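Chemist: Please see the structure below; I have some questions.
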Amino acid sequence: MLHDIFIAPFADMIAAPDFLMQVLWEGLVSGILYALIALGFVLIYRSSRIFNFAQGIMVVFAALTLVGLHAMGVPAWISVVLTLAVMFGLAVAIERVVLRPLVGQPDIILFMATIGITLFLIGFGEIIFGGENKVMITEELGIPTGSWTLEPFGGLLILEQKDVTAVAVAAMLVVGLLVFLNRTQMGRAIRALGDDSQAALSVGISLRTIWVLVWFIAGIIALVTGIAWGARAGVSFALEVIAYKALPVLMLGGLESIAGAIIGGLMIGVLEKLFEIYWGQPLLGGNTETWFAFVLALIVLLFRPQGLFGERIIERV
Amino acid sequence: MLDATEGHTTADGRKIGPVVMEMKNITLRFGGVVAIENISFDIREGEIRAIIGPNGAGKSSMLNVVSGFYTPQEGEVWFRGQPRPPMKPYQVARQGIARTFQNIALFEGMTVLDNVMTGRLTHMKAGLFSQALWKGRAEAEETANREIAERVIDFLEIQAIRKTPVSRLPYGLKKRVELARALAAEPKLLLLDEPMAGMNVEEKEDMSRFILDVNDEFGTTIALIEHDMGVVMDLSDRVVVMDYGKKIGDGTPDEVRNNQEVIDAYLGVQH
């Protein structure tokens, strides 16, 4: 038994390094998507201290809108632009209808409100686009669908081109977002608002503008995630479930840290895949990916309640 | 009595200009509590104007009216010769009125430099799009803003902590960073809410020197609230004295010092 847990998996890894690389790659791809969703959470949390439960459904909603528009005969790229417009409209509506009347309410109320937004988007999305599975318009968007075959260590490693594209686009989005937040005045305003809203007002930051802005950025992130994930698994409301994977990512990475969200996402993606292949399937009958991330987060929380990269909580007495 | 449109020169050679802000019959209530009762006073360009009074006199409320955090039930605020409609604090900030807070309100997670840079937000001109793409105008603006921020940092002698997160700074330095952030806005009117509260003697002296230097070098108009009578009398050109929401004195430090009502408010009335 101990041999199966502590020795056999590693022996397998060494025996077939090409297969190990394949597993790591698959993990990396799902990891970067978890990271993207977590990034949407972090952004909204940093600027308004709201835990946005609706981030997951926003991914579904964005993907559905894109596919739905295309199905109505709109050309693919124009559908993307129109979907962005819809996400902007959604941001404005959320600020106007949900956030503005709730300014100054306790965090838990705002959290509940985002659950409300989630339920609304599920219902609204189903009425307009229907509840059945759809296919992401991958080819129409010019995303390559072939695959590259590499032969490391004399073995075989298959990289799907759409996965490579997803990773590249996600990486660009993350870098762009980091530059925007750290090096522009608007980015500073976003960070400032999360730190101290009174002080933010006193330096001329308009709450409403910033809120619309961050929800719109979260919408853009949702669309990118939706396209990438939709290309792998199709577009359906089941996609929302991947958003729950962002929760352990956030616990690992901390709600405050962008770097934490990215590293946390990649870690969970890679570790859950490794665990599934080398421990889960041979020892536990598989399907460990559904719970592994949560157990990992629980263990981390026991030792570091602020997550791996979260801002340290220091109480001055 | 001085004409509102004219200026004069002080004994130490500073130019005091025309009235820049005028509070006309301001009354502010919170439910049944009257925080400010029918108070009028003005602030002239280039002067250091103090509002003093015992605890609970309504000084901070008055500052919050000026900076748009409170909207008075009665009275008018005139700024640069025009009545000001009720405004949100961020709109007031964009008019060129910067402020600090009694209980420091800084962006704790950000560095000193980033905090000071937020002071430049009111001068942001590049659109969101060019900001997002970090192109052309946005980049040039960032450089220009950065220069001004660095100048303010040099002026207040906080170069050594430029990259330090604010949360790690001691109280006295935080106060100075807050002043730097307000100054970076190049305000037409600078509001300081108890800039020396909770400081030791040495820190108070430093802060007094900075306030005088700011006023002297940039000609910034300053309105400040203070508890400490001694400090106020040394710093300010004119003083408004408040007690229980009412104005009980207004004039030069000497005039105020000899005002019987002011003496009573501070020392208690003898029976």
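From first to last, the protein sequence lines are chains A and B. Under my numbering, think of the first position of the first sequence as -13, with each following residue one higher. Under my numbering, think of the first position of the second sequence as 266, with each following residue one higher. Glycine included, C-beta positions come from ideal geometry on N, C-alpha and C. The structure displayed is predicted, hence computed values, not measured ones.
Along the alpha helix (DSSP H) that carries residue 237(A), what are the first and last residues, could you check?
Modeler: Residue numbering aside, residue 237(A) sits at position 251 when the first sequence is read from its first letter. 226 to 239 is the extent of the alpha helix (DSSP H) around residue 237(A).
Chemist: Flag this pair as touching only if the segment 199 to 215 of chain A and the segment 44 to 51 of chain A have three or more C-beta atom pairs under 8 Å; answer yes or no.
Modeler: Proximity of the segment 199 to 215 of chain A to the segment 44 to 51 of chain A meets the contact definition, three or more beta-carbon pairs being nearer than 8 Å.
Chemist: Determine the DSSP secondary structure at residue 262(A), reduced to helix, strand or coil.
Modeler: Locating residue 262(A) in the first sequence gives position 276, where the first residue counts as 1. Residue 262(A): helix per DSSP, three-state reduction.
Chemist: Out of 449(B), 444(B) and 377(B), which has the shortest C-alpha to C-alpha gap to residue 424(B)?
Modeler: To locate residue 424(B), count along the second sequence from 1; it is residue 159. Minimum Cα distance to residue 424(B) is reached at 377(B).
Chemist: Taking just the CA atoms, how far does residue 165(A) sit from residue 158(A)?
Modeler: As a position in the first sequence, residue 158(A) is number 172, starting the count at 1. As a position in the first sequence, residue 165(A) is number 179, starting the count at 1. Taking the straight line from one Cα to the other gives about 11 Å.
Chemist: Is any beta-carbon of chain A found at less than 7 Å from that of residue 386(B)?
Modeler: One-based indexing of the second sequence puts residue 386(B) at position 121. It does; some Cβ of chain A falls within 7 Å.
Chemist: Please list, in chain order, all residues of the same chain as residue 197(A) whose beta carbon is under 7 Å from its beta carbon, the five residues on each side excluded.
Modeler: Reading the first sequence from its first residue, position 211 is the one you call residue 197(A). 34, 81 and 85.
Chemist: With DSSP as the reference, identify every bridge partner of residue 287(B), one or two as the case may be.
Modeler: Residue 287(B) sits at position 22 when you count from the first residue of the second sequence. 307(B) and 343(B), per the DSSP bridge assignment.
Chemist: Mind pulling the chain A residues with CB within less than 8 Å of residue 382(B)?
Modeler: Residue numbering aside, residue 382(B) sits at position 117 when the second sequence is read from its first letter. Within 8 Å Cβ-Cβ: 171 and 174.
Chemist: So within the segment 321 to 371 of chain B, which uninterrupted alpha helix (DSSP H) runs reach at least 4 residues, ignoring any that extend past its ends?
Modeler: 324 to 331 and 354 to 359
Chemist: Report the neighbours of residue 184(A) on chain B: residues whose CB is nearer than 9 Å to its CB, in chain order.
Modeler: Position 198 of the first sequence, counted from the start, is the residue given in the question as residue 184(A). What residue 184(A) touches in chain B: 334, 354, 366 and 370.
Chemist: With 7 Å set as the bound, which would you pick, yes or no: does the beta-carbon of residue 192(A) sit closer than that to a beta-carbon of chain B?
Modeler: Against the first sequence, residue 192(A) aligns to sequence position 206. Answer yes: the Cβ-Cβ gap between residue 192(A) and chain B drops below 7 Å somewhere.
Chemist: Look up residue 87(A) in the DSSP assignment and say whether it is helix, strand or coil.
Modeler: Numbered from 1 along the first sequence, position 101 holds the residue referred to as residue 87(A). Residue 87(A): helix per DSSP, three-state reduction.
Chemist: Run through DSSP, which three-state label would residue 133(A) get?
Modeler: As a working mapping, residue 133(A) is identified with position 147 in the first sequence. Residue 133(A) sits in a strand when the DSSP states are folded into three classes.
Chemist: Between residue 291(B) and residue 352(B), what straight-line distance do the alpha-carbon atoms span, to the nearest angstrom?
Modeler: One-based indexing of the second sequence puts residue 291(B) at position 26. One-based indexing of the second sequence puts residue 352(B) at position 87. Residue 291(B) and residue 352(B): Cα-Cα distance of roughly 15 Å.
Chemist: 7 Å is my cut-off, CB to CB: does residue 458(B) come that close to chain A?
Modeler: The count along the second sequence starts at 1 and reaches residue 458(B) at position 193. No, its Cβ sits nowhere closer than 7 Å to a Cβ of chain A.
Chemist: At the 7 Å Cβ level, is residue 200(A) part of the contact set with chain B, yes or no?
Modeler: Taking the first residue of the first sequence as 1, we reach residue 200(A) at position 214. Taking Cβ atoms only, chain B never reaches closer than 7 Å to residue 200(A), which makes this a no.
Chemist: Taking residue 140(A) as the reference, give the member of 7(A), 174(A) and 236(A) with the closest Cα.
Modeler: Start at 1 with the first residue of the first sequence, and residue 140(A) comes out as number 154. When each option's Cα is compared against that of residue 140(A), the closest is 7(A).
Chemist: Please list the segments of the beta strand (DSSP E) lying wholly inside the segment 496 to 525 of chain B, counting only runs of 3 or more residues, in order along the chain.
Modeler: 503 to 508 and 511 to 516
Chemist: If residue 442(B) and residue 380(B) are in contact, beta carbons under 8 Å, what's the gap, nearest whole angstrom?
Modeler: Here residue 442(B) is taken as the residue at index 177 of the second sequence, counted from 1. Here residue 380(B) is taken as the residue at index 115 of the second sequence, counted from 1. Rounded, the Cβ-Cβ distance is 6 Å, consistent with contact.
Chemist: Which of the three DSSP states is assigned to residue 279(B) in this structure?
Modeler: Start at 1 with the first residue of the second sequence, and residue 279(B) comes out as number 14. DSSP places residue 279(B) in coil when its eight states are reduced to three.
Chemist: Less than 7 Å separating the beta-carbons of residue 26(A) and residue 226(A)?
Modeler: Numbered from 1 along the first sequence, position 40 holds the residue referred to as residue 26(A). Numbered from 1 along the first sequence, position 240 holds the residue referred to as residue 226(A). No.
Chemist: Residue 301(B) by DSSP, collapsed to three states: which one?
Modeler: By one-based count along the second sequence, residue 301(B) stands at place 36. Three-state result, residue 301(B): strand.
Chemist: I'd like to know whether the C-beta of residue 267(B) is nearer than 7 Å to at least one C-beta of chain A.
Modeler: Counted from its first residue, the second sequence places residue 267(B) at position 2. For residue 267(B), the pLDDT reaches just 48, beneath the cut-off of 50, and the residue's location in the model is therefore unreliable, although a value from the coordinates is still provided. The Cβ of residue 267(B) sits no closer than 7 Å to any Cβ of chain A.
Chemist: Which of the three DSSP states, helix, strand or coil, is assigned to residue 460(B)?
Modeler: Start at 1 with the first residue of the second sequence, and residue 460(B) comes out as number 195. If DSSP states are grouped into helix, strand and coil, residue 460(B) belongs with coil.
Chemist: To the nearest angstrom, how far is it from the Cα of residue 334(B) to the Cα of residue 364(B)?
Modeler: Taking the first residue of the second sequence as position 1, residue 334(B) is located at position 69. Taking the first residue of the second sequence as position 1, residue 364(B) is located at position 99. So the alpha carbons of these two residues sit roughly 11 Å apart.
Chemist: Beta-carbon separation of residue 148(A) and residue 217(A) under 7 Å?
Modeler: The residue labelled residue 148(A) in the question sits at position 162 within the first sequence. The residue labelled residue 217(A) in the question sits at position 231 within the first sequence. Going by C-beta atoms, residue 148(A) is nearer than 7 Å to residue 217(A).
Chemist: On a CA-only basis, which of 241(A), 292(A) and 126(A) is nearest residue 59(A)? Give me that one, please.
Modeler: Position 73 of the first sequence holds residue 59(A). Among 241(A), 292(A) and 126(A), the Cα nearest to that of residue 59(A) belongs to 126(A).
Chemist: Does the Cβ-Cβ distance between residue 301(B) and residue 323(B) come in under 7 Å?
Modeler: Reading the second sequence from its first residue, position 36 is the one you call residue 301(B). Reading the second sequence from its first residue, position 58 is the one you call residue 323(B). Yes; because the gap between Cβ atoms is below 7 Å, this pair is in contact.
Chemist: Do residue 521(B) and residue 506(B) have their C-beta atoms closer together than 7 Å?
Modeler: Indexing the second sequence from 1 puts residue 521(B) at position 256. Indexing the second sequence from 1 puts residue 506(B) at position 241. Taking 7 Å as the Cβ cut-off, residue 521(B) and residue 506(B) qualify as a contacting pair.
Chemist: What is the rounded straight-line gap between the Cα of residue 265(A) and the Cα of residue 185(A)?
Modeler: By 1-based counting over the first sequence, the position of residue 265(A) is 279. By 1-based counting over the first sequence, the position of residue 185(A) is 199. Answer to the nearest angstrom: the Cα atoms are 51 Å apart.
Chemist: Check whether chain A comes within 7 Å of residue 472(B), counting only Cβ atoms and requiring the distance to be less than that.
Modeler: Sequence index remark: in the second sequence, residue 472(B) carries index 207 (1-based). By this cut-off, residue 472(B) is not an interface position.
Chemist: State buried or exposed for residue 98(A), treating a residue as buried only when at least 16 other CB atoms are found within 10 Å of its CB.
Modeler: Translated into the one-based positions of the first sequence, residue 98(A) becomes position 112. Label assigned to residue 98(A): exposed.
Chemist: Going along the chain, which residues of its own chain have a beta-carbon closer than 8 Å to the beta-carbon of residue 272(B), five neighbours each way excluded?
Modeler: Taking the second sequence and counting its residues from 1, the one referred to as residue 272(B) is at position 7. Result list for residue 272(B): 280, 281, 282, 283, 309, 310 and 311, in chain order.
Chemist: Grouping DSSP H, G and I as helix and E and B as strand, with all else coil, what is residue 435(B)?
Modeler: In the second sequence, the residue the question calls residue 435(B) occupies position 170. Coil.
Chemist: Quick one: using the 10 Å Cβ neighbour count with 16 as the cut-off for buried, is residue 261(A) buried or exposed?
Modeler: For this step, residue 261(A) is matched to residue 275 along the first sequence. Buried, by the Cβ-count rule.
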